[in-house]
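Protein sequence lines, in the order shown, are assigned to chains S and G.
Those letters in the first sequence? Residues 609 to 904, by our numbering.
Those letters in the second sequence? Residues 8 to 279, by our numbering.
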Amino acid sequence: MNISNHRRTRDRVVTVLTYLAMAFVLLLPFALFVGLAAKSELLFRDNSLGHLLFSSQWKPSSGEFGFKPFIVGSLYVTLIAMLISAPICFLSAIHITQYAPRKVAKIVVTAIDILAGIPSVVYGVWGMVFVVPWLGRIAAGLGIQSNGYSILAGGIVLSIMVIPFILNILMEIYRTIPKELTEVSLSLGATRWETIRDVLNRKALPGILAAFGFGFARAFGETMAVLMVVGNVVKIPSGLFDPGYPLPALIANSFGELGSIPEIESALMFAALILLVVVLVFNATLRWLIIRVEKY
Amino acid sequence: METQEMDAKMTGKKEMARPFEEEGIIRVDNLNLYAGKTHILKNVNIEIPKNKLTVILGPSGCGKTTLLKCMNRLTDLTPDIKVNGNIYIGDQPVFGSKTDIVALRRKMGLLSQRPFPLPMNIYNNIAYGLKLRGKYNRAELNDLVEYYLRQVNLWDEVKDRLRSPAVRLSIGQQQRLCLARGLAVNPDIILADEPTSALDPVSSEAIEKQFAALSKDFTLVMVTHVLRQARRIADYVIFMYLGEVIEMRPAQEFFEDPREEQTKKYLSGAFN
Numbered sequence: 609m610n611i612s613n614h615r616r617t618r619d620r621v622v623t624v625l626t627y628l629a630m631a632f633v634l635l636l637p638f639a640l641f642v643g644l645a646a647k648s649e650l651l652f653r654d655n656s657l658g659h660l661l662f663s664s665q666w667k668p669s670s671g672e673f674g675f676k677p678f679i680v681g682s683l684y685v686t687l688i689a690m691l692i693s694a695p696i697c698f699l700s701a702i703h704i705t706q707y708a709p710r711k712v713a714k715i716v717v718t719a720i721d722i723l724a725g726i727p728s729v730v731y732g733v734w735g736m737v738f739v740v741p742w743l744g745r746i747a748a749g750l751g752i753q754s755n756g757y758s759i760l761a762g763g764i765v766l767s768i769m770v771i772p773f774i775l776n777i778l779m780e781i782y783r784t785i786p787k788e789l790t791e792v793s794l795s796l797g798a799t800r801w802e803t804i805r806d807v808l809n810r811k812a813l814p815g816i817l818a819a820f821g822f823g824f825a826r827a828f829g830e831t832m833a834v835l836m837v838v839g840n841v842v843k844i845p846s847g848l849f850d851p852g853y854p855l856p857a858l859i860a861n862s863f864g865e866l867g868s869i870p871e872i873e874s875a876l877m878f879a880a881l882i883l884l885v886v887v888l889v890f891n892a893t894l895r896w897l898i899i900r901v902e903k904y
Numbered sequence: 008m009e010t011q012e013m014d015a016k017m018t019g020k021k022e023m024a025r026p027f028e029e030e031g032i033i034r035v036d037n038l039n040l041y042a043g044k045t046h047i048l049k050n051v052n053i054e055i056p057k058n059k060l061t062v063i064l065g066p067s068g069c070g071k072t073t074l075l076k077c078m079n080r081l082t083d084l085t086p087d088i089k090v091n092g093n094i095y096i097g098d099q100p101v102f103g104s105k106t107d108i109v110a111l112r113r114k115m116g117l118l119s120q121r122p123f124p125l126p127m128n129i130y131n132n133i134a135y136g137l138k139l140r141g142k143y144n145r146a147e148l149n150d151l152v153e154y155y156l157r158q159v160n161l162w163d164e165v166k167d168r169l170r171s172p173a174v175r176l177s178i179g180q181q182q183r184l185c186l187a188r189g190l191a192v193n194p195d196i197i198l199a200d201e202p203t204s205a206l207d208p209v210s211s212e213a214i215e216k217q218f219a220a221l222s223k224d225f226t227l228v229m230v231t232h233v234l235r236q237a238r239r240i241a242d243y244v245i246f247m248y249l250g251e252v253i254e255m256r257p258a259q260e261f262f263e264d265p266r267e268e269q270t271k272k273y274l275s276g277a278f279n
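Written as structure tokens, this is what we have:
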């Protein structure tokens with residue numbers, strides 16, 4: 609029997625609609641990239657790419673746009689955050705999925721979900737009220753000149769923000785490893801820890817890399833909470849207690865007041881472009897790495 | 008009423024099933040297992056003879072896999088399990104705070120329903136257990152890996168790609184690799200949980216032949232629900248139903264002259 613025209617049309621319409629939706633999603637990153645690049649073009653009339661990326665001179669009023677302090681500031685804060693959160697996430701994911709009794713695991717998972725849902729400005733306020741003064745006292749004790757607003761404060765607040773995010777992914781990864789693999793390793797006479805170290809972690813490696821990659825990308829772009837505690841001084845930090853000025857903070861702080869000046873608007877677009885490119889390149893590298901280790 | 012029944016079952020110790028002369032290498036002594044509130048194993052009392060192939064037979068959900076996993080205490084991995092009674096491997100109790108479970112598990116190789124190669128290459132799948140067993144140099148390791156791969160007739164198929172991931176082997180090859188891996192820790196006992204259920208007929212036959220050959224030197228305990236398989240290779244059969252051991256007999260007697268009503272029903276296909 610023939611399919612009625614009506615049904616056939618409907619089938620076609622749905623096919624086209626789903627295709628368009630997919631195309632839209634695919635176009636988004638390109639549109640974003642092209643838009644930012646076009647807007648940054650003005651900046652390139654007077655500056656070379658090398659100068660923009662590697663100069664430390666930031667004097668918008670006299671047309672000097674060196675992004676190095678912001679790039680370095682972003683990298684430092686993100687790196688500190690990852691160094692703090694990585695071991696915590698890794699060890700607690702193992703404990704929750706491999707050792708903890710079901711009841712404890714449930715409580716922890718609930719706590720993590722709550723942490724993940726807290727708006728970043730709340731973390732920022734918490735950082736200003738508790739972390740910053742606390743670091744200020746430590747700095748004073750160590751004889752370092754600092755009021756506590758520093759890349760370390762940014763890193764600490766940021767690490768607390770990305771922990772729930774990374775931990776959620778890690779737990780999911782350990783949970784998807786078949787239990788039989790643990791059974792097999794134990795039955796060969798391995799201890800619980802040997803099993804985790806040699807079998808489960810090897811199996812989970814691609815996922816672990818992905819989890820930390822997503823964590824990095826998220827941390828690198830996080831704006832509000834970091835901006836509130838990092839000090840926002842245009843200078844390459846020379847120590848943990850030095851203030852810094854990450855890229856997202858630059859954009860957020862400057863856009864309102866300075867965005868109307870074409871050159872500065874262009875500079876801020878370029879800052880956004882750097883953020884985008886760093887995250888894209890990092891993700892691509894990671895994907896390449898994941899494919900290489902994903903053979904088991 | 009239910010609790011009374013439970014108590015009666017727990018205290019009313021059944022007579023140990025041992026249809027052979029010597030003392031068994033595995034002795035299950037009045038074992039009861041609860042998962043949460045479900046009573047899964049009920050007063051299990053059996054002995055399993057040394058260097059024979061004993062099949063645990065029964066319909067799905069009768070507790071046969073659970074019984075097998077009690078023997079090397081993989082039940083530890085499942086939360087909310089309560090066990091009373093005990094299992095003895097030789098004279099060593101399996102359950103107990105003083106038990107060195109890691110050493111005890113090494114005496115028992117495990118073969119699961121589907122092959123689970125370790126996330127390593129073929130060579131290291133065998134070497135992993137060897138390294139846990141003792142210190143060997145490169146040459147010794149090479150020899151032993153070859154020895155165990157030959158023992159399961161896999162050497163000729165994989166000798167040129169020992170460094171490729173084990174998961175690339177066919178599923179039948181993987182299962183033989185898993186058997187070799189289990190043998191490599193030099194166990195006394197091999198526990199197998201429906202080891203051929205995921206395999207094609209040819210691979211199944213290869214495993215069955217292996218088992219028949221191995222039963223000269225090893226104690227094999229194999230769970231299955233395939234009657235014909237049990238008929239082909241079993242020396243002894245333990246028949247379980249709803250968490251209880253209904254009877255344990257030498258295979259031929261079991262199939263030709265079943266004693267219990269449930270066994271007769273099962274053999275005539277009434278449960279399937």
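Cβ coordinates follow ideal geometry from the N, Cα and C atoms, glycine included.
DSSP-derived helix/strand/coil call for residue i
i, result
"F673 (chain S)", "strand"
"T231 (chain G)", "strand"
"Q753 (chain S)", "coil"
"D150 (chain G)", "helix"
"F863 (chain S)", "helix"
"Y155 (chain G)", "helix"
"M836 (chain S)", "helix"
"V733 (chain S)", "helix"
"A798 (chain S)", "coil"
"E164 (chain G)", "helix"
"N776 (chain S)", "helix"
"D224 (chain G)", "coil"
"E254 (chain G)", "strand"
"K89 (chain G)", "strand"
"G763 (chain S)", "helix"
Beta strand (DSSP E) segment containing residue i, residue limits
i, result
"D200 (chain G)", "196-200"
"E54 (chain G)", "45-55"
"T61 (chain G)", "60-64"
"L38 (chain G)", "33-42"
"L117 (chain G)", "115-118"
Proximity test, Cβ basis, 7 Å: residue i and chain G
i, result
"K939 (chain S)", "An answer regarding residue 939 (chain S) cannot be provided, because it is not within the stretch 609 to 904 covered by chain S."
"L778 (chain S)", "no"
"L789 (chain S)", "yes"
"T803 (chain S)", "no"
"L796 (chain S)", "yes"
"K676 (chain S)", "no"
"V792 (chain S)", "yes"
"R783 (chain S)", "no"
Element boundaries [alpha helix (DSSP H), containing residue i]
i, result
"D619 (chain S)", "613-652"
"D84 (chain G)", "For the record, residue 84 (chain G) in the displayed sequence is Leu; it is not Asp. Segment: none, L84 (chain G) is in no alpha helix (DSSP H) and carries neither H nor E."
"Y273 (chain G)", "268-274"
"R905 (chain S)", "Here chain S covers residues 609 to 904 and nothing more, so residue 905 (chain S) does not appear."
Beta carbon proximity, residue i to chain S, threshold 7 Å
i, result
"L190 (chain G)", "no"
"R112 (chain G)", "yes"
"G97 (chain G)", "no"
"G179 (chain G)", "no"
"S222 (chain G)", "no"
"P122 (chain G)", "no"
"L125 (chain G)", "yes"
Close-in-space but distant-in-sequence residues of the same chain around residue i (CB under 7 Å, 5 per side omitted)
i, result
"L848 (chain S)", "S758, I759, L760"
"F863 (chain S)", "L876"
"I898 (chain S)", "P814, L817, A818"
"E902 (chain S)", "P814"
"E153 (chain G)", "W162"
"S682 (chain S)", "F828, P854, L855"
"A701 (chain S)", "L775, L778, M779, Y782"
6 Å CB neighbourhood of residue i in its chain, flanking five on each side removed
i, result
"G762 (chain S)", "V685, V834, V837, V838"
"T831 (chain S)", "P856, A860"
"R282 (chain G)", "Residue 282 (chain G) lies beyond the residue range present for chain G, which begins at 8 and ends at 279; the question has no answer from this structure."
8 Å Cβ shell around residue i - same chain, five flanking residues per side excluded
i, result
"G43 (chain G)", "D87"
"V680 (chain S)", "I844, P845, G852"
"S171 (chain G)", "N128, I129"
Closer than 7 Å to chain A by CB, residue i
i, result
"P100 (chain G)", "Here chain A cannot be found, since the structure's protein chains are S and G."
Where the segment 813-839 of chain S meets chain G: residues whose CB sits under 9 Å from a CB there
Residues of the segment 813-839 of chain S with a Cβ closer than 9 Å to any Cβ of chain G, in chain order: L813.
For the segment 192-211 of chain G, enumerate the residues whose C-beta is nearer than 7 Å to any C-beta of chain S, in chain order.
Residues passing the 7 Å Cβ filter: V192.
Tell me which residues of the segment 238-262 of chain G have at least one Cβ-Cβ distance to chain S shorter than 9 Å, keeping chain order.
For the segment 238-262 of chain G, which is checked against every Cβ of chain S, not one residue is closer than 9 Å.
By the 8 Å beta-carbon criterion, what residues does the segment 128-155 of chain G contribute toward chain S?
So the list reads Y135, G136, L139, R140, given in the order they occur along the chain.
Contacting positions in the segment 697-724 of chain S - beta carbon closer than 7 Å to chain G:
Result list: P709, R710.
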